Each structure stands twice: as C-alpha cells, then as structure tokens.
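First residue of the sequence shown: 51, per the working numbering; consecutive thereafter. Cβ coordinates follow ideal geometry from the N, Cα and C atoms, glycine included. Note that the structure is predicted; figures quoted are calculated from it, not measured.
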Amino acid sequence: MVSFREILFILPVAALLVILGAAGAGTAKKAVCADNLRQIYRAAQSYSADNNGMIVPSFVSPGAGRRTYWAEFLLPYIRQVGNFYCPADSKGQRGMVKHDLLPLMFDLRYVSYGISYYISSTGRQASAALPYNINAVADPSYVVYFGDAAILQLRPTSGCWKRDWNPVHESQGANYVMADGHVEFFTGSNPGLYDKLPGWKQDRKRWKNWKKL
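Here's what the structure looks like:
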C-alpha cells in the first residue's frame, strides 16, 4: 500500500511529467510548422521559376466575387496537402482530420499561414511587373515571406496586425519564413511592424525592401 508521504512525493513528479510531455508536444508541433513553411517556400520558388520570377499573388479577383488565393496557386507545387496546416493552430488541426481511408484534403478555410501583404500583388489578374518579383527583394534573409497567420495575409499595419498575428506556439510566438528560405521564430518583441503600434517596434525593411532598379 502506498503511504500518504509517498503520495505527496508522487503527485508533483506526475505533474512535472505531464508538463514536460506537453512541452515536448509543443516543440514537435513547432518543428512541423517550421518544416511546413520551408515546403511552402520551395513551392513558391517553383511557382516563381515558372512565372518569370513573379512572387505568387496574395489573391486574384477575376470577377463575380470570386478570389483565387496564393495557397491555391501553390497547390500544384505542394507534395503534401498537410503542409498548409500547422498542427498547433486550431483551424489547421481541423484541416488535418482524415476520414476513413481517404487522403488528406485541401481546404482553404483551414490554411494556417499567410503571405506578406507587402511582398505579393493583389488585383484582377496576377502581375509579373516589378517590384513583385522575387529577384527584386533587396535583403532576402531579412524580408518576411510567409508565416503563421489568422488569415491568408500578414498585414503588418496598426489597423490589421492584431487580427493577423497568430502566436500559436509556446512563448506566445509564431514561425516565419524569410524570402531566402530560412525560418525564424518571432514573439511580440519582433519582427516589428510597418506602421507604428503601441507595444511593438517599427521595422519597415522587415516587410518591404525592394532593390532600386
């Protein structure tokens, strides 16, 4: 029989194991999310290679209220649909649900990531005109390309950032992939915003830094 003193020792240990297990799960989800962003980046690079360097548009509105979003443009270049779903994101988790023996399906509603508003074009048709060209980015290792987002765009302005910002990982942070393909982990102290917002630093070159042509 377990004594009362032994129970007092076991309970904190058990609680610690639960905490460590949760932390380990969080780290694993963060790693999967980072790899998803690398795969999305590679797909975006393939899209650009097939379109004269054009960065995949955030969305195109051909008319009649219909929009085609960046994830739909990249879908032919993605090997696994699950790369669009972050396991730490609540909507991404819904996208990862499989039914019976059917393969994982693509659903735009559950995409966990957004493309930078300032690096991608929008409009009635995709635009290959500069500066929306991957070769025109002045500092690819610093400029944000894609990242964890509540919607399909990352809009780093005072009016939109709080709605787009999606800190789904531990330490209240999010993963971002830069225009050179490497992933960074950001919290509220970075990456900085294009506009001024109390509690955030301003860093316009993180979002828009085109070469002078």
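Item, Value
"Sequence-distant residues of its chain with Cβ nearer than 6 Å to isoleucine 69 (five each side left out)", "For isoleucine 69, the predicted structure reports a pLDDT of 40, less than 50, and the residue's modelled location is therefore unreliable. A value from the coordinates is still provided. Result list for isoleucine 69: empty, nothing under 6 Å."
"Straight-line gap, threonine 237 to glutamine 130 (C-alpha atoms, nearest Å)", "28 Å"
"Neighbourhood of valine 187 by C-beta, 8 Å cutoff - its chain only, sequence neighbours within 5 removed", "Ile169, Val193, Ala229, Asn259, Trp260, Lys261"
"Euclidean distance between Cα positions of tyrosine 244 and threonine 172", "18 Å"
"Proximity winner among Lys79, Thr77, Met104, relative to proline 181 (alpha-carbon distances)", "Met104"
"Neighbourhood of serine 221 by C-beta distance below 7 Å, restricted to the same chain and skipping five residues each side", "Thr237"
"Straight-line Cα distance separating threonine 207 from lysine 251", "12 Å"
"Uninterrupted alpha helix (DSSP H) stretches inside the region 87–133 (no shorter than 4 residues)", "120–124"
"For glutamine 89 and glutamine 143, the rounded distance between their alpha carbons", "18 Å"
"Top-ranked residue by Cα proximity to serine 162, from Cys83, Ala78, Asp253", "Cys83"
"Simplified DSSP assignment, three categories, for aspartate 85", "helix"
"Cα-Cα separation, tyrosine 97 to alanine 121", "11 Å"
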